[in-house]
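Beneath this line is the structure, given in structure tokens, with notes to follow.
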Amino acid sequence: AQSVTQLDSQVPVFEEAPVELRCNYSSSVSVYLFWYVQYPNQGLQLLLKYLSGSTLVKGINGFEAEFNKSQTSFHLRKPSVHISDTAEYFCAVRAPGGNQGGKLIFGQGTELSVKP
Amino acid sequence: DAGVTQSPTHLIKTRGQQVTLRCSPKSGHDTVSWYQQALGQGPQFIFQYYEEEERQRGNFPDRFSGHQFPNYSSELNVNALLLGDSALYLCASTRLAGNPEAFFGQGTRLTVV
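Chains as they are written, first to last, in this note's numbering: chain Z, 634 to 749; chain C, 1405 to 1517.
In structure tokens:
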């Protein structure tokens, strides 16, 4: 079984400052890792994903994340945030293939609030 | 290319009633999963359908049931609604073989009063 812990429920930050949203996971098997963003009253939009290969992955809107297998972490970063980045961010894991394929396990979410 | 579409967008029901939510997957996708997102929480997996059969199920009671049609669209049915069933219900589609990325619909906001 897998689980996901997002270490911060709320992250306030000023515009143009850097931000890091932290995500740790637990799994007895290798996993795929995802970050999704959710704007108010919207569904989920994929920011980026780690499937294999390079541990640094780049996504949309200037976000990037680094997969650290030894620390079982997948932290999301952006060097300079904008007001429009204000949203809820979710880290998720999925076991590849087999009977667990397709089932996403989500963290509780981190509310990013960007202030002018 | 239409993405994942869900209907209706909002719904208000009374305790004890039954509700049906609908989802059309992204073109080319054959697998549909349903998630429940309570206010302030992350989405929780309800079940997944592939080839018109339920393939996986999360920790939800039998009041939650579903169906997948030959055109890959899906329905989520909830019987005997409880106040605690109030949530945003999200549908996600994927291709079982291929890119594991899940695409989500806008969700259906269900309010049980």
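Glycine is no exception: its CB is placed at the ideal position from the N, C-alpha and C atoms.
Proximity of C:Ser1431 to chain Z, defined by a Cβ-Cβ separation below 8 Å, is not satisfied. Between Z:Tyr722 and Z:Leu737 a beta carbon distance of about 14 Å is seen, past the 8 Å cut, so the two are scored as non-contacting. The beta carbons of Z:Arg655 and Z:Gln639 sit closer together than 8 Å. Residues of chain Z with a Cβ closer than 9 Å to the Cβ of C:Leu1494 are, in chain order, Gly676 and Leu677. Distance from C:Leu1425 to C:Tyr1493 at the Cβ level is roughly 5 Å; contact confirmed, criterion being Cβ atoms closer than 8 Å. Interface flag for C:Gly1509 against chain Z is set, since a Cβ pair is found closer than 8 Å.
In this structure, the CA atom of Z:Ile716 is about 19 Å from the CA atom of Z:Trp668. Chain C places a beta carbon closer than 8 Å to that of Z:Phe739, counting this residue as a contact. In summary, the residues of the region 1479–1504 of chain C whose CB is separated from some CB of chain Z by less than 8 Å are Leu1494, Ala1496, Thr1498, Leu1500 and Pro1504, in the order they occur in the chain. For the C-beta of C:Ser1437, the chain Z residues within less than 8 Å are, from N- to C-terminus, Gly735, Lys736 and Leu737. Residues of the region 1446–1469 of chain C with a Cβ closer than 7 Å to any Cβ of chain Z, in chain order: Gly1446, Pro1447, Phe1449, Gln1452 and Gln1460.
At least 8 Å separates the CB of C:Ala1406 from every CB of chain Z. Nearest C-alpha to Z:Ser660 among Z:Gln741, Z:Val726, Z:Glu744 and Z:Gly740: Z:Val726.
The three-state secondary structure of C:Leu1487, taken from DSSP, is helix. Using a CB distance cut-off of 8 Å, Z:Pro729 counts as an interface residue toward chain C.
When Cβ-Cβ separations below 8 Å define contact, Z:Leu684 makes contact with chain C.
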